[in-house]
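Engineer:
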Amino acid sequence: MCDCAECEQLLQPYLDRVLTEAERLEAEEHLDHCSYCRRAYRFEEELRMFVRRATSAPMPPELKQKLADLRISL
Amino acid sequence: MSETTPETDARRIAREARDRVRFEEEALELADQVYRVARHMVNAREEAEDLVQETYARAFRSWKQFRPGTNLRAWLLRILTNLNIDRGRKLQRTPDMQSLEAGDYYLFERLEDAGGEITEEERVDERLSQDSIVEALSAVPHDFRDVIVLVDISDFSYAEAAQILDIPVGTVMSRLHRGRRILKKQLAEETVG
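Chains A and B, in that order, are what the protein sequence lines are. Just so you know, we're using numbering that gives the first Met the number 0 here: the first sequence kicks off at 0 and counts up by one. Just so you know, we're using numbering that gives the first Met the number 0 here: the second sequence kicks off at 0 and counts up by one.
#1: Are three or more beta carbon pairs between the stretch 121-129 of chain B and the stretch 159-179 of chain B nearer than 8 angstroms?
#2: Quick one: which unbroken alpha helix (DSSP H) runs of 4-plus residues sit fully inside the stretch 110-188 of chain B? Chain order, please.
#3: Go ahead and label Lys71/A buried or exposed: buried means 16 or more other beta carbons lie within 10 angstroms of its beta carbon, across all protein chains shown.
#4: Determine contact between the stretch 131-150 of chain B and the stretch 34-42 of chain B, defined as no fewer than three beta-carbon pairs at a distance below 8 angstroms.
#5: Any beta-carbon of chain A closer than 8 angstroms to the one on Gln52/B?
#6: For chain B, is any of its Cβ atoms less than 8 angstroms away from the one on Thr19/A?
#7: Could you check if Ile78/B is buried or exposed, using at least 16 other CB atoms within 10 Å of its CB as the buried criterion?
#8: If you measure beta-carbon to beta-carbon, which residues of the stretch 34-61 of chain B are closer than 8 angstroms to chain A?
#9: Could you pull out every unbroken alpha helix (DSSP H) segment of at least 4 residues lying fully inside the stretch 32-100 of chain B, listed in chain order?
#10: Please state if the CB of Tyr104/B and the CB of Ala187/B are separated by a distance shorter than 8 angstroms.
#11: By how many angstroms is the C-alpha of Glu189/B removed from the C-alpha of Ala135/B?
#12: In the DSSP assignment, the alpha helix (DSSP H) including Arg51/A goes from what residue to what residue?
#13: Which residues of the stretch 8-35 of chain A have a Cβ closer than 7 angstroms to any Cβ of chain B? Give them in chain order.
#14: Hey, quick one: how far does the alpha helix (DSSP H) through Pro59/A stretch, first residue to last?
#15: Which residues bound the alpha helix (DSSP H) around Tyr13/A?
#16: Determine contact between the stretch 38-50 of chain A and the stretch 3-18 of chain B, defined as no fewer than three beta-carbon pairs at a distance below 8 angstroms.
#17: Strictly below 7 angstroms CB to CB, what residues from chain B border Phe45/A?
#18: Residues of the stretch 20-32 of chain B in Cβ contact with chain A at a cutoff of 8 angstroms, in chain order, please.
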């Protein structure tokens, strides 16, 4: 079983689902026993979703119109 | 001997006109997503708007270079990225990474130190604001930010991001890994000092 420092190293590839089966099991075994790492993983997962939400900038309607005006076919 | 007749020419022109209309419509449907990438790739909103306009102007002019059936969103963003580089982005030097990077738990640890334990049920927005995310992202060096914007925010695969940015897939992965750490360090500094 890995320790907390190793578990920290596995955080990103774990959430990206690019770990090998053996590495994934190693991380999960640690997470089962360590609430600190479990909370850190959960936080990272939430953070990723929050980053996505926070950066959804709606396009100004004037810009949309300007783009439509650039059309050549009309 | 040429088999071209005025009739087939007319038919070809009509088909091309239809294809062109369809291309432009499909490209415009993706404008919100293209704008979102531009908005976070460059720092100023006006600059992002100019970049999107230039991208569409070029896309509409060179629409025949797009191969139907391939990824139009990636094609548009490839144009955007190239235009952005033409604007002098390449001149930017990447700062020393050692001073920017921290471990993956860094932000989590700093927030717990400052405000107590973060439970598994707690929502991130109880500790971080949306503005702090936008602010921190804009402080991430371009090379790293671009992959975050494409993969984490716009849902492109590593391979698609590699194609758009014209870099190897391995570079996308390593920049993403480091970029996320830089982003979290920035967030920690902005939020808890």
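No residue lacks a Cβ here, since even glycine has one placed at the ideal position from N, Cα and C.
Structural biologist: In this structure, then:
#1: no
#2: The stretch 110-188 of chain B contains these whole alpha helix (DSSP H) runs: 129-137, 141-146 and 157-164.
#3: Contrary to the premise, residue 71/A reads as Ile rather than Lys in this sequence. It is exposed - the Cβ of Ile71/A has fewer than 16 other Cβ atoms within 10 Å.
#4: yes
#5: yes
#6: No, its Cβ sits nowhere closer than 8 angstroms to a Cβ of chain B.
#7: buried
#8: Tyr34, Arg35, Arg38, His39, Glu48, Val51, Gln52, Tyr55, Ala56, Phe59 and Arg60
#9: 44-60 and 71-85
#10: no
#11: The straight-line gap separating the alpha-carbon atoms of Ala135/B and Glu189/B is approximately 7 angstroms.
#12: Segment Ser34 to Ala53, the alpha helix (DSSP H) holding Arg51/A.
#13: Leu10 and Gln11
#14: Here Pro59/A belongs to no alpha helix (DSSP H), and DSSP marks it neither H nor E.
#15: From DSSP, the alpha helix (DSSP H) with Tyr13/A extends over Cys3 to Leu14.
#16: no
#17: A quick correction: the sequence has Glu, not Phe, at residue 45/A. Near Glu45/A (Cβ distances below 7 angstroms), the residues of chain B are Arg122 and Val123.
#18: Those would be Val20, Glu23, Leu27, Ala30 and Asp31, in chain order.
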